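Residue numbers (this note's numbering): 21 to 269. In this text, a Cβ means the ideal position worked out from N, Cα and C, and glycines have one as well. This one's a predicted model, so the numbers in the text were calculated from it and none came from an experiment.
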Amino acid sequence: NWTDGYFKGNPIKRGELVTSINNLMLVTGIKSDNTIRKWLKVFESEDMISLKSTNKYTHINIVNYDKFQDVGETLAELNAQQTADQTAYQSAQRSADNIRIIRNIRSKEYINTTCPEQTSFASGQETGLPPLILKDGSRFHISDNHLNEFVDAYPGVDVRDQIMKMSQWLKVNPTKRKTKNGIMRFINSWIARSERETINASQSSTKISMPEYIRQQEAGTLPEGTPASKELIERMQKLQKEGLEHVGD
């Protein structure tokens, strides 16, 4: 923030940023969340920033933000007295670099959150569903609007369950992962195929098999002493006929 403000009711001062690891991955183009965490730790160890993290957000505070807000003027003054105060000069450089990093992040965040094609990436955990890993290693979160569209389009299948299966399948099949442009087609094809399989399975019926002794009765080969009941034969033939008609439907 360039001015004091609030985030979810909590005060946020100048020089502070509330973001997330996934958001930093998107805006910086870094594909590994471990790399993001590593650099945040480096900046923190160099006293460039201080961090507060939760399972949802990362709170970044730029050290000496107000003191070094006017980067050019501060560095010029410190250059003049470099021999007298080398430590202060190095601190100013670190803070200046940090300010540029945060400004770059905020600029990219603005671009990403205002472009319509990024809706599903910016929606975060709205649906509570796991992300789908893309070919470039980034995570795709299906938006709540897209989820509802799929639910309406495919009432014969559990869409949420299928998306969870997709997420697991993409984890174990890295060579089959999709691009940002192809992921929605992949989701649609997967759910459509799943619904067809569900409908076909519900329409299938087990064929009623005629017992062997009835076949023998019809063929006149039933062994002596085991006559079949005419009534039983008629009942079994009726059941078989009904079963075949059901399969034909």
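Within the continuous beta strand (DSSP E) that includes residue i, where are the two ends?
i	result
N54	Careful: N54 lies outside any beta strand (DSSP E), inside the alpha helix (DSSP H) at D53 to S65.
N30	N30 to I32
T78	T78 to I82
L71	I69 to S73
Nearest-angstrom Cα distance between residue i and residue j?
i	j	result
H79	F170	35 Å
M184	N84	45 Å
L71	M45	17 Å
I203	R213	15 Å
K200	I153	10 Å
N132	D178	In this prediction, N132 has a pLDDT of 48, which is less than 50 and means its spatial position is unreliable; what the coordinates show is noted afterwards. Approximately 31 Å between the Cα atoms of the pair.
D172	N208	12 Å
V62	R34	22 Å
R205	M68	43 Å
N220	S163	29 Å
I32	T48	23 Å
T39	S222	47 Å
N54	M186	24 Å
K28	Y77	11 Å
G148	K258	51 Å
L60	S73	11 Å
G25	S65	27 Å
V315	N30	Nothing in the structure corresponds to residue 315, since the chain is present only between 21 and 269.
Would you identify the three-state DSSP class for residue i, choosing helix, strand or coil?
i	result
R159	strand
K258	helix
V177	coil
T147	coil
L190	helix
K227	Caution applies to K227, whose pLDDT of 47 falls short of 50 and renders its modelled position unreliable; the value that the coordinates give is listed next. Coil at K227, not helix or strand.
Please report the residue range of the alpha helix (DSSP H) in which residue i lies.
i	result
I41	I41 to T48
L167	D164 to A173
Assuming residue i and residue j make a contact with CB atoms under 8 Å, what is their CB distance in whole Å?
i	j	result
P151	H166	Between H166 and P151 the Cβ distance is about 13 Å, and since that is not below 8 Å, they are no contact.
W210	Q182	6 Å
K58	D156	Wrong, their Cβ atoms sit about 19 Å apart, outside the cutoff.
R180	L190	About 16 Å; that fails the 8 Å criterion.
N81	E36	5 Å
E217	Y174	Their Cβ separation, rounded to whole angstroms, is 12 Å, which puts E217 and Y174 out of contact at 8 Å.
R159	N42	6 Å
Looking at residue i and the ligand ZN, is the gap between the Cβ and the nearest heavy atom below 7 Å?
i	result
M204	This structure does not include the ligand ZN; it has no bound ligands of any sort.
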